[in-house]
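Chemist: Dropping a structure here in structure tokens format, bear with me for questions.
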DNA sequence: CTTGGTGCAAAAACTTTGCAAGAAT
DNA sequence: ATTCTTGCAAAGTTTTTGCACCAAG
């Protein structure tokens, strides 16, 4: 139930928030959406929700830990429903598809590197870019 | 000599380009600058070079392989003089300092992951974020 | 009721572009 | 002389904010 997640996050249960949460949950093919994409989906469902609200809601969700914001190459932000586990991303430079993966070896190396350099790690992101299977030249 | 690098890149040797290249070369503490920062340094040296030109020149340098553009968290681009070798970055979330590192184990894992997922890798970036030694709480 | 959320429009931040004037080869 | 560059201002993108109105608790 979205209602519960929102209450938990200290956010009032409003139509825009519920709708946006549902949209994020219903992404089967690619869990990563820009604010603009969320907005267009809302429009296509005849919801009268402003783009500014989409940004506000997504930012609140991020603060509440419900979603994660990523900065892929190209500059604009994409949002993804948090699922507890950390994972990294590989993005197709042609079609924009995003796949996820996680790798314990890499995670361990990262911690080690941060320690060696004297940093206290707070976040990390690994982004690979390339041609996905469908977009590779034959 | 900057002149040589520019000629090599097929770019005319002009004062803005030479100046900007010098600025990038002279970064002792942090090799990573935003366009705005480069612009401010130019101003502080009494150079009459427009911000638009800074962006244009940096973009040309990027196309020529002279500099690399990164998208750190926060959205804006930072530029760094290319040095041939690939390396990754760790950034202080408090003071903005950027350190570099490279790790063969991680590089190898990345290739393996891409292969497993069927991607043909074109680029990759690993970004760690945390408190640098100077900014850690005591 | 009271507090917080929404929509709209306007602003902000960052980056790109059109164009006439100027510089490099 | 020709071609490429520059500076400025204007426009483009993406994201944030101010404010009056509306809705949730």
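Residue numbers (this note's numbering), protein chains in the order written: chain A, 1 to 138; chain B, 1001 to 1138.
For glycine and all other residues, C-beta sits at the position ideal for the given N, C-alpha and C.
(1) Mind the definition here: the region 1041-1053 of chain B touches the region 1063-1070 of chain B only if three or more C-beta pairs lie below 8 angstroms; say whether that holds.
(2) Got a sec: which bits of the region 120-138 of chain A sit with their beta carbon under 7 angstroms from any beta carbon on chain B, in order along the chain?
(3) If you compare alpha carbons, which of B/1098, B/1127, B/1117 is closest to residue 1106 of chain B?
(4) What does residue 101 of chain A touch in chain B if you count any residue whose Cβ is under 7 angstroms from its own?
(5) Near residue 99 of chain A, what residues of its chain come up, given a Cβ to Cβ distance below 6 angstroms and the 5 sequence neighbours on each side ignored?
(6) Which residues in chain A have a C-beta closer than 7 angstroms to the C-beta of residue 1071 of chain B? List them in chain order.
(7) Name the residues in the region 36-53 of chain A whose C-beta lies less than 7 angstroms from a C-beta of chain B; which are they?
(8) Which first and last residues belong to the beta strand (DSSP E) in which residue 77 of chain A is found?
(9) What is the residue span of the alpha helix (DSSP H) that residue 58 of chain A lies within?
(10) Which residue wins for smallest C-alpha separation from residue 54 of chain A, given the options A/35, A/87, A/134?
(11) Within the chosen definition, does the region 1018-1031 of chain B reach the region 108-127 of chain A through at least 3 CB pairs nearer than 8 angstroms?
(12) Would you mind stating whether residue 5 of chain A and residue 1109 of chain B have Cβ atoms separated by less than 8 angstroms?
(13) At 7 angstroms on the CB atoms, spell out the chain B contacts of residue 93 of chain A, in chain order.
(14) In the DSSP output, which residue or residues are listed as bridge partners for residue 1130 of chain B?
(15) In whole angstroms, what is the alpha-carbon distance linking residue 60 of chain A and residue 1007 of chain B?
(16) Taking 8 angstroms as the CB-CB limit, is residue 105 of chain A close to chain B?
(17) In angstroms, rounded to a whole number, what distance separates the CA positions of residue 121 of chain A and residue 1084 of chain B?
(18) Reducing DSSP to helix, strand and coil, say where residue 69 of chain A ends up.
Modeler: So, to answer that:
(1) no
(2) 120, 121, 122, 123, 124, 125, 126, 127, 128, 129, 130, 131, 132, 133, 136
(3) Comparing Cα positions, the closest option is B/1127.
(4) 1113, 1117
(5) 90, listed in sequence order.
(6) What residue 1071 of chain B touches in chain A: 71, 73, 75.
(7) none
(8) It spans 77-81 - the beta strand (DSSP E) in which residue 77 of chain A sits, taken as one unbroken run.
(9) Under the DSSP assignment, residue 58 of chain A falls in the alpha helix (DSSP H) whose first and last residues are 51-63.
(10) A/35
(11) These segments do not touch.
(12) no
(13) 1122
(14) A/121, B/1092
(15) 50 angstroms
(16) yes
(17) Take the alpha-carbon of residue 121 of chain A and the one of residue 1084 of chain B: they are about 27 angstroms apart.
(18) strand
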